[in-house]
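Protein chains in written order, with the UniProt record's numbering: chain A, 1 to 664; chain B, 1 to 664.
1) Give the straight-line distance between the Cα atoms of residue 55 of chain A and residue 56 of chain B, rounded to the nearest whole angstrom.
2) Excluding sequence positions up to five away, which residues of its chain have a Cβ less than 6 Å from the Cβ of residue 474 of chain B?
3) Please tell me whether residue 520 of chain B has its Cβ less than 8 Å away from any Cβ of chain A.
4) Okay, do the stretch 32-40 of chain B and the stretch 609-629 of chain A touch, 3+ Cβ pairs below 8 Å being the bar?
5) Which residues share a DSSP beta bridge with residue 133 of chain A?
6) Where does residue 634 of chain B sit, in a helix, a strand or coil, going by DSSP?
7) I'd like the ranges of any beta strand (DSSP E) spanning at least 3 consecutive residues and lying wholly in the stretch 237-287 of chain A.
8) Name the chain B residues that come within less than 9 Å of residue 421 of chain A, Cβ to Cβ?
9) Within 8 Å (strictly less), CB to CB, does residue 247 of chain A reach chain B?
10) In the DSSP assignment, what residue or residues form a beta bridge with residue 209 of chain A?
11) Starting from the beta carbon of residue 400 of chain B, find every residue of chain A whose beta carbon is closer than 8 Å, and list them in chain order.
12) Quick one, are the C-beta atoms of residue 679 of chain B and residue 445 of chain B less than 8 Å apart?
13) Starting from residue 8 of chain A, find everything on chain B with Cβ-Cβ shorter than 9 Å and list it in chain order.
14) Could you tell me the distance, in whole angstroms, from the CA atom of residue 252 of chain A to the CA atom of residue 179 of chain A?
15) Which bits of chain B does residue 329 of chain A rub up against, with CB to CB less than 8 Å?
16) Give a yes or no on contact between the stretch 376-388 of chain A and the stretch 329-347 of chain A, applying the rule of three or more CB pairs nearer than 8 Å.
17) Strictly below 7 Å CB to CB, what residues from chain B border residue 332 of chain A?
18) Can you tell me the Cβ-Cβ gap for residue 118 of chain B and residue 255 of chain B, rounded? I've got them flagged as a contact below 8 Å.
19) Residues of chain B with CB closer than 8 Å to the CB of residue 626 of chain A, please, in chain order.
20) Which first and last residues belong to the beta strand (DSSP E) in which residue 164 of chain A is found?
21) Starting from residue 414 of chain A, trace the beta strand (DSSP E) both ways and give me its first and last residue.
22) Between residue 431 of chain A and residue 523 of chain A, which are expected to be in contact by the criterion C-beta below 8 Å, what is the C-beta distance as a whole number of angstroms?
23) May I ask you to verify whether the stretch 288-295 of chain A touches the stretch 408-425 of chain A, counting CB pairs closer than 8 Å and requiring at least 3?
24) What number of angstroms, rounded off, separates the C-alpha of residue 683 of chain A from the C-alpha of residue 216 of chain A?
25) Who are residue 190 of chain B's beta bridge partners in DSSP?
26) Can you pull the DSSP bridge partners for residue 224 of chain A?
27) With residue 605 of chain A as the anchor, note down where its alpha helix (DSSP H) starts and where it stops.
28) Sorted by chain position, which residues of the same chain lie with C-beta nearer than 6 Å to residue 171 of chain A's C-beta, five sequence neighbours on each side aside?
29) Would you identify the three-state DSSP class for residue 311 of chain B, choosing helix, strand or coil?
30) Which residues in the same chain as residue 499 of chain A place their Cβ atom closer than 7 Å to its Cβ, once the five residues preceding and following it in sequence are excluded?
31) Please identify the residue among B:633, B:604, B:563, B:626 whose C-alpha is closest to the C-alpha of residue 293 of chain B.
32) Express the C-alpha separation of residue 655 of chain A and residue 130 of chain B in angstroms, rounding to a whole number.
33) Tell me which residues share the same chain as residue 7 of chain A and place their Cβ nearer than 8 Å to its Cβ, disregarding the 5 neighbours each side in the sequence.
34) So, for residue 245 of chain B: in the same chain, excluding its five sequence neighbours on each side, which residues have a beta-carbon less than 6 Å away from its beta-carbon?
35) If you measure from the beta carbon of residue 229 of chain B to each beta carbon in chain A, is any gap under 8 Å?
36) Please compile the residues from chain B whose C-beta is within a distance smaller than 7 Å of the C-beta of residue 590 of chain A.
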């Protein structure tokens, strides 16, 4: 029945002010109002419908995405949206599209790496979308290792041009979003060669397509790299392949903020500090952490609401079955994911402030915190995206069979999300970078160099190497100090252990190479500590609203203690806690899950997601799932006729024994 | 270049006889020859091509599947294939299709639950495919809990008919494969009601569609439930929805082997033991375990070969980069999955013999091992499918960005595989059943009842509760006795711990309910022990072939020790091993990975998969990956034109500033 709230009883049991929690989740009243307004504009516009995405073939899907992008551009102007509002609108349109790369990579690359003159020339064109740009770095044979790229940009002093060329098949640009079909321009990364010398990788602005008729320019081979994971999903994006056959561009299309080539072909470095590039990396990874909390919260919202709707077993007397949300195995898998969504939200918020801090320091030529900030964002990018990818799939499984239907929204959410584990730094490669930084930090402790920021706790090494956890009862595990100390001790002991084992190897590099599996685990321990710490710090802020703080406390404890249980081996093997204390963790977790249960639906309501954004029949706000599932089914193209296409050719002959030529 | 083996150098480093290992993997020379022959027949037939699956829209895909099924039926007769050969052929066609349910569920249901007379009537029709059947159990609102099904079959003594009816929306049949478009008949599960009394769930043969023109019969609403996870994947299957509006069927279409309704409407149970149904469950789950090893081996084959091809970092002097297979973090993630594929292969082989044993006992009215066999297969189904689903996704990640392309084959393999975690018993529900059996077994130890089969080790409880692991060096962990004892002690201690905690609860049921998260962990420990034990037993068999046994030993040790490391918390918290011994596990694992490295490619070659079956550009036998990726890209429909459809309507107006109505 329309208008009935089938989850009203769940909402009534909430022990906190949901509206106040919405503000906490959004970050501020302004953010909440802004998101809410933009989400509703998108949801109410039929051009932005999403429920047919998985039924469109590749060409229809892509065309539909072009349509949405053009319509959004029109609406942005009609409504005179600010840049902030336009960004939110694109976010709620929720469809991977070439515009993401134009605004998210092409424009920032010119801003960050172009001279003032270059910015003046190119940015107005990009802002007005008179050109559409993408970011062409990765190659068919080269991903994480940027220094391995093969594309060449050879300076020709005779004509004052660079010759961009793809010398091998593996040097083909491969993957850049927006490259395949939409972009007219690209920032292309290539080896700068002048006067016979290779100066390594630099960025160049290259026009790919005619602005008259969009056809590829001479010497340019460009296309789409083909179908990707899932139906719908990233197939709305024209990830592209690009090859250059001696394409000439003017010298001044080298992005020249950091280095230039003179008219004579001399390579000159500017005095702009290279560290500025790290600032961009910190920025991009910070947004990835923020996106992780959005994706995970969306998945948990779907799984939580449907778990309250779906009933199974439990009726001894023929009465209704129990909602699966009552089952401890369901809580045990789902509640830590809700807690993680909140944890990632807050650590993301903190990372935003870290980025501001780093930017201010860079402007003042203070690079002292840069390495730490870089390691911290790299680690958190890895930690949050890995957990979110796995968490979305876990939420799908928590929805039982129906989670496998496209109409549940979860298959597409998973398919769209998982590239985050690979792009902007492969998650394992990033953890090794963190580990390298940790081992270095440990080594420097003896030199008296004070560790900063998120590694400051390592300054307390003497205490942390030998402290004993004081927990005696399950309730002692509610003490944030006990939790934080346990995570600090575990992290520092694992790092020190790695450092010691490396020092036994014939060389530092060999030790690092052989122990990389252990190093990854030490890095994870460090990153989990950061998230736990930032969650605990968040609890110390004044969060207004009835019961809000109490709920956050429960979530924080679930987040930390679930990790403690999951990584119990780490804590025990380092002697951080005892087996008995480990058993008390399980006991406390059970009690925390019971506390969360009556608030579960309200806690995911606090994300304030529209049904349009959720895009899930199972996650509907009103819980009226089954009629919606049933209706959605009939929209499938296969149901256009009762008797399927192919019956006459391939089914009837079988049934009528016209296929059989011999007996079995 | 065609014909060049880019992995030849990897194959040369193998230290064992790959052909002999192929026999071990296949199970026998006969099996190897059969699989090899059928795989080649399928691979060489253009009708069975798979590389276009993800590019077809739903209707094209389904029609193509009907075509393949009809063609297979034709070939099966032309080649006069045996039933065994035909089954293998369908396996290598490797496309979910209505025939899977016809042969795998419809025919066995009639065989298992029909009387001799019913079999005589229906089986010949089914064998000749003059009717096509499916298995309609699950409903929109009811999955795991079969007793909750709502469809009714009410006996009408006036007409000697059952009236099949869907009383509610949630009672709609939902999910059955083959139901939506292909099946003419179904075995429908419904509540048998006669004389006003509900006798619970029974199976009925119901005709759904006209045999003349395939249109749905009166009172029947039938269709497809819509798009599912992934592109291609299970969308070739017409999982269906079915509603009955008082559909009448003759009384003798109740499957009557176990119970009958007389002409007068009296419900009568036959003297056939109900336990026979468990035999079927053991059979089905045994095949699921076998399928897990196939899916996981396929994913590891792709990831291993591509990890040997793909190079990244490591070149200090400008030389070629290192293959990623050399990296310890890659080995640490991939090698345990190769080991798991082998472990699941062998435990699956053993399960097959268990099924034979159970069948023989059932025929002799010996039910003494049935509960244990049932728990064992339930647990192994859960353990192997969960690990395989996660393992396929891990293999995808191990292929870096390119694993995200449909042409890598991994997205579709994942999408096709994951339902195995849900169907035939949700994996968590199954583990709880195992746990219930374990707790019961522990309780019976004091009564003197001897545990049988895979729980026999529990008879040794006194020793296992207090034994101390004797491992002193990393090499001591190569001792199978030390490994097995550690797994036994951990499993029994976790089970006993659960049993003790349950006994403290106000009631057994309450204790069971509250501790279900712990119970699941205890069940996992028990199931892992079974797999480890069967692998160790396999090593005691005579495996001919140079170096074969040594390789299996390495794989077995990797399988066991990786689990030990992953679940270190269990082993430490139960006091099974010490922290020091835990650290030695990591040390030994590093050494085992180095031993496996030169054999990695040969170990996945031993699966003997054709490139057609693998269906992956990255997993090509010859390793010539990049040209193939490049060629495949151009086949995408988006590349049919240089300028995309939609340019004129949606891109040109943006670029030409015809969209903007106002300035930003």
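Positions of the beta carbon are idealized from the N, C-alpha and C atoms, including for glycine.
Put simply:
1) 11 Å
2) 584, 587, 588
3) yes
4) no
5) A:185
6) coil
7) 240-244, 247-250, 259-261, 267-269
8) 397
9) no
10) A:216
11) 143, 144, 422, 426
12) Look at the range of chain B in this structure, 1 to 664, and you will see that residue 679 of chain B is not part of it.
13) What residue 8 of chain A touches in chain B: nothing, since even the nearest Cβ is about 20 Å away.
14) 22 Å
15) 428, 432, 516, 517, 520
16) yes
17) 517
18) 7 Å
19) 140, 141, 169, 170
20) 161-165
21) Looking at the DSSP string, residue 414 of chain A is not in any beta strand (DSSP E); the run it does join, the alpha helix (DSSP H), is 410-417.
22) 4 Å
23) yes
24) A question about residue 683 of chain A goes unanswered here, because the residues of chain A that appear run from 1 up to 664.
25) B:202
26) A:240
27) 600-605
28) 139, 150, 151
29) strand
30) 439, 442, 443
31) B:604
32) 4 Å
33) 305, 308, 309, 601, 621, 622, 623
34) 219
35) yes
36) 514
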